[in-house]
Amino acid sequence: NKLKVFRKYFNNYFTKGFIKISIFSIAILIALLILFILKKNKKLRLCINYRYLNKAIVKNYYLILLILKLI
Numbered sequence: 100n101k102l103k104v105f106r107k108y109f110n111n112y113f114t115k116g117f118i119k120i121s122i123f124s125i126a127i128l129i130a131l132l133i134l135f136i137l138k139k140n141k142k143l144r145l146c147i148n149y150r151y152l153n154k155a156i157v158k159n160y161y162l163i164l165l166i167l168k169l170i
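Start counting at 1 in the sequence shown, then tack on 99, and there's your number in our numbering.
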């Protein structure tokens, strides 16, 4: 049942183009914490903890510094 919910979620967002497949994204999926929460109507809701992904992303800090130089 949980696998069906995950496949439905993944296929929906993959067809919309929100998810793109790469070696990096597969590694991220392994590192993410995926939880299933039972809703009041007894259906499962997929919840993803993105904390590890946010730590892995390199932030783009230099743009603000360039703007401040121009001012």
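C-beta atoms are modelled at their ideal positions from N, C-alpha and C, and glycine is treated no differently.
Predicted model, so just to flag it, every value in this text is computed and none were measured.
Option nearest residue i by Cα separation, candidates the options
| i | options | result |
| --- | --- | --- |
| Phe109 | Lys154, Lys158 and Cys146 | Cys146 |
Under the three-state DSSP convention, the category residue i falls into
| i | result |
| --- | --- |
| Asn148 | strand |
| Phe117 | coil |
Beta-carbon gap between residue i and residue j smaller than 8 angstroms
| i | j | result |
| --- | --- | --- |
| Lys101 | Phe135 | yes |
| Lys137 | Asn148 | The displayed chain sequence assigns Leu, not Lys, to residue 137. Cβ distance not < 8 angstroms, so Leu137 and Asn148 don't count as in contact. |
Residue i beta carbon near the ligand SAM (any heavy atom closer than 7 angstroms)
| i | result |
| --- | --- |
| Gly116 | The ligand SAM is not part of this structure, which contains no ligands at all. |
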